[in-house]
Amino acid sequence: MKAGAANIEQEFSIELNLNAFKIRKWLNHRAYNFVDTSTHNLETVIESTLRKCRARNFTPLQTACAIRPMIGLNPRQAAANWKFQRTFVMYLSNPNPRRRRSMSKRNSISDEIAELLEKLEGALNYSLEQISQYARLLAEKNWVEEYNEGKYEIFRQAMELGLIGVCEKVWVTAEDEKVCRDCWMMSGNVAAFDEQFRDKQGNAVGLIPPLHPRCRCVVYYRRLLPPGLNDITPTAMSTPNTSPYLLGRVDPNDGEQLAAVIRHYEERISTQSIENAIIITAYGEVYHTTGDLNTVNPILLLGNKLNGATVTHNHPRDSANEYSFSGNDIELFMSHSIERLRGIDERFVYELNRNPQDSDVGSVTVEDMADGFGYRHFKVMEKAEELGIGYRRWRHE
Ligand SMILES: [Zn+2]
Ligand SMILES: [Zn+2]
Numbered sequence: 165m166k167a168g169a170a171n172i173e174q175e176f177s178i179e180l181n182l183n184a185f186k187i188r189k190w191l192n193h194r195a196y197n198f199v200d201t202s203t204h205n206l207e208t209v210i211e212s213t214l215r216k217c218r219a220r221n222f223t224p225l226q227t228a229c230a231i232r233p234m235i236g237l238n239p240r241q242a243a244a245n246w247k248f249q250r251t252f253v254m255y256l257s258n259p260n261p262r263r264r265r266s267m268s269k270r271n272s273i274s275d276e277i278a279e280l281l282e283k284l285e286g287a288l289n290y291s292l293e294q295i296s297q298y299a300r301l302l303a304e305k306n307w308v309e310e311y312n313e314g315k316y317e318i319f320r321q322a323m324e325l326g327l328i329g330v331c332e333k334v335w336v337t338a339e340d341e342k343v344c345r346d347c348w349m350m351s352g353n354v355a356a357f358d359e360q361f362r363d364k365q366g367n368a369v370g371l372i373p374p375l376h377p378r379c380r381c382v383v384y385y386r387r388l389l390p391p392g393l394n395d396i397t398p399t400a401m402s403t404p405n406t407s408p409y410l411l412g413r414v415d416p417n418d419g420e421q422l423a424a425v426i427r428h429y430e431e432r433i434s435t436q437s438i439e440n441a442i443i444i445t446a447y448g449e450v451y452h453t454t455g456d457l458n459t460v461n462p463i464l465l466l467g468n469k470l471n472g473a474t475v476t477h478n479h480p481r482d483s484a485n486e487y488s489f490s491g492n493d494i495e496l497f498m499s500h501s502i503e504r505l506r507g508i509d510e511r512f513v514y515e516l517n518r519n520p521q522d523s524d525v526g527s528v529t530v531e532d533m534a535d536g537f538g539y540r541h542f543k544v545m546e547k548a549e550e551l552g553i554g555y556r557r558w559r560h561e
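Numbering (the working numbering), first residue to last: 165 to 561.
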């Protein structure tokens, strides 16, 4: 809880830094009134929300949850979002009798967090809707371009400050009949935060909209990783034999967050041409390391930290991969008491765990037999049974 509080304290002192190099560069090229407005907006929004939270004796956690959906909104939208959140809270604090009964059992902190997250998700969805409406409004005033620049910069700084985690960009059109064909083609397109959007032909079209003059497209920033956790860079993923280094921390007891984090990193490493591994220790530290085409030996430098850890790694295309775990993988899992070991290649995800019930051992599908990728899979099944551990494999897109 201490670490969580520190994060929140940090959130309270967020201030858009106008001296940041990118902002300065941008100011030299453009009318500065929009940055001024959006900075002012962010400050006004946070200040007024803080005031309201204090008046209601919100806990730091409640306050943080109330503020998060407000980032990127103007004061008027923030007021609407606040009202939306309050409606939610009123409902939660004036439950009907049936809900009250289930609420009376609700006394642990984790229940409070679960409830707040539910509220936060609703408020975030609402804020997305508001942003898209705002884009339509701004288009009439020709402000979309400035809006996009300002918002990108705010998110960049909020990410840097650890207020929000790593985001990716989703291209959003104004979604009305006036949207041109080219923009429709971009709709829903996804790019990493620092990378350019690409059209269907693979041509780079820019970090953010517009696609053309009077384009009304905007960006939705989708949160990929929780705050406090860095992404892996393309350079880090392609540099061989990197010693394990810390990417950040996760809550090791939050299963849903853990699963999302693993999914995200696996998607990143699955296409690499050398082995990459992500290690989440029993205490929630997250490490990244790389090896070569067929091994990822630097992982051993983590020593005791592997005990109880969740580990995932990729088997590159054109490696000695046999669409399941190698003998070395199983040896690593056993001798370092790894809690869960996963592997991913261009076809399958496979997993070893410590629970023989949590396993597909013995249930061979016709598909496994027919597709020619089954030989090693059967061998690993036999081995898992012998060792009394869980093993399964499934396809991914
Ligand atoms: Zn457009
Ligand atoms: Zn392996």
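Each residue gets a CB set at the ideal place from its N, CA and C atoms; glycine is no exception.
Fair warning: this is a prediction, and the values are worked out from it, not measured in the lab.
Determine the closest residue to G352 out of G392, Q436, V334, T227, with distance taken between C-alpha atoms.
Per the C-alpha coordinates, the member of G392, Q436, V334, T227 positioned closest to G352 is V334.
List the endpoints of the continuous beta strand (DSSP E) containing K333.
331-336
Which partner residues of F361 appear in the DSSP bridge assignment?
G370
Does E515 come out as helix, strand or coil in the three-state DSSP assignment?
strand
Could you give the first and the last residue of the continuous beta strand (DSSP E) run that contains G507?
504-508
Any 3 or more C-beta pairs closer than 8 Å across the segment 419-430 and the segment 455-463
no
Can you list the residues near ligand 1, meaning Cβ strictly closer than 5 Å to any non-hydrogen atom, in the order they appear in the chain?
C347, L375, C379, C381
Going by other Cβ atoms of all chains shown within 10 Å of its Cβ, with 16 needed for buried, is D509 buried or exposed?
buried
In the DSSP output, what is T474 paired with across the bridge?
Answer by DSSP bridge pairing, in chain order: I444, R504.
H477 to E430 span [Cα, whole Å]
7 Å
Same chain, Cβ closer than 7 Å to W558, five either side skipped, listed in chain order
F512, V513
How long is the line joining the alpha carbons of G314 and N458, rounded to whole angstroms?
45 Å
Does the beta-carbon of V544, which I'm using as the reference point, lie nearer than 8 Å to any heavy atom of ligand 2?
no
Based on Cα-Cα distance, which residue from P416, E486, E503 lies nearest to N517?
E503
Can you find the residues in the same chain that come closer than 7 Å, C-beta to C-beta, to H428, ignoring five residues on each side of it along the sequence?
L388, L389
Going by alpha carbons, who is nearest to P233 out of R218, E317, G554, I328?
I328
Look up R380 in the DSSP assignment and say whether it is helix, strand or coil.
Correct three-state label for R380: coil.
Quick one: using the 10 Å Cβ neighbour count with 16 as the cut-off for buried, is E550 buried or exposed?
So E550 ends up on the exposed side.
Measure from the alpha carbon of V310 to the alpha carbon of each residue in T397, V383, N440, S402, then state which is nearest.
Checking the sequence shown, residue 310 turns out to be Glu, not Val. Ranking T397, V383, N440, S402 by Cα distance to E310 puts V383 first.
Name the DSSP beta bridge partners of V450, please?
Per DSSP, G412, I444.
Looking at the C-beta of V525, does it have a partner C-beta in chain D at a distance below 9 Å?
In the displayed structure, chain D is absent; only one protein chain is listed.
So does the segment 469-487 actually touch the segment 432-439, counting three or more Cβ pairs closer than 8 Å?
Because the criterion of three Cβ pairs below 8 Å is met, the segment 469-487 and the segment 432-439 touch.
Check: S490 C-beta below 8 Å from any heavy atom of ligand 2:
yes
Quick check on DSSP: helix, strand or coil for A484?
coil
Classify L410 as buried or exposed, calling it buried when 16 or more other Cβ atoms lie within 10 Å of its own Cβ.
Counting Cβ neighbours within 10 Å, L410 comes out exposed, since fewer than 16 surround it.
Who are the near neighbours of R320 in its chain, counting only those whose CB is closer than 6 Å to its CB and skipping five residues on each side?
none
From this set, Y487, N245, T453, which residue's C-alpha is nearest M401's C-alpha?
T453
Tell me, please, which residues DSSP counts as bridged to A355.
K333
Coarse secondary structure for R220, derived from DSSP in three states
In the three-state scheme derived from DSSP, where H, G and I count as helix and E and B as strand, R220 is classed as coil.
Does at least one heavy atom of ligand 2 sit under 8 Å from the Cβ of E339?
no
For the beta strand (DSSP E) that R232 lies in, which residues bound it at each end?
From DSSP, R232 is part of no beta strand (DSSP E); its letter is neither H nor E.
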